[in-house]
Amino acid sequence: MSAIKPCCCVDAIVSVDERGQLVLPKDIRSKCEIKPGEKMALISWKEKGNCCITLVKADNLTSMVKELLGPMAKHMMKK
509 MSAIKPCCCV
519 DAIVSVDERG
529 QLVLPKDIRS
539 KCEIKPGEKM
549 ALISWKEKGN
559 CCITLVKADN
569 LTSMVKELLG
579 PMAKHMMKK
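Following this line, the structure appears as structure tokens:
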């Protein structure tokens, strides 16, 4: 029997300052290989009345969109 790995976990609790900024802890930046000045895409959605956000490296966003939408586009073109 194989163990099911969780898709995500709570790595840190961060605070938003009066200017609306938050700091990603150093261990998280290291784990995710986030460099100073690197652009991040903030993706938000509503789930059961809660606003959820995810950060994705902007350089990875294009390939992620293609990966998600590619199969959908192919399916639509078959019709």
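In our numbering, the protein residues as written are 509 to 587.
In this text, a Cβ means the ideal position worked out from N, Cα and C, and glycines have one as well.
So, are the CB atoms of serine 538 and leucine 530 less than 8 Å apart?
-> no
For isoleucine 542, the nearest candidate out of Met572, Val564, Lys513 and Leu550 (CA to CA) | Val564
Got a sec, what are the start and stop residues for the alpha helix (DSSP H) isoleucine 512 sits in?
-> Element bounds for isoleucine 512: n/a, residue is neither H nor E.
Please name the residue, chosen from Leu550, Lys556 and Gly557, that lies closest to aspartate 567 on a Cα-to-Cα basis.
-> Leu550
7 Å CB neighbourhood of glutamate 546 in its chain, flanking five on each side removed = Lys565
Name the residue from Met572, Asp519, Met548 and Ser552 whose alpha carbon lies nearest to the alpha carbon of isoleucine 536.
-> Asp519
Along the chain, which unbroken stretches of the beta strand (DSSP E) at least 3 residues long are found entirely within the segment 551–583?
-> 558–565
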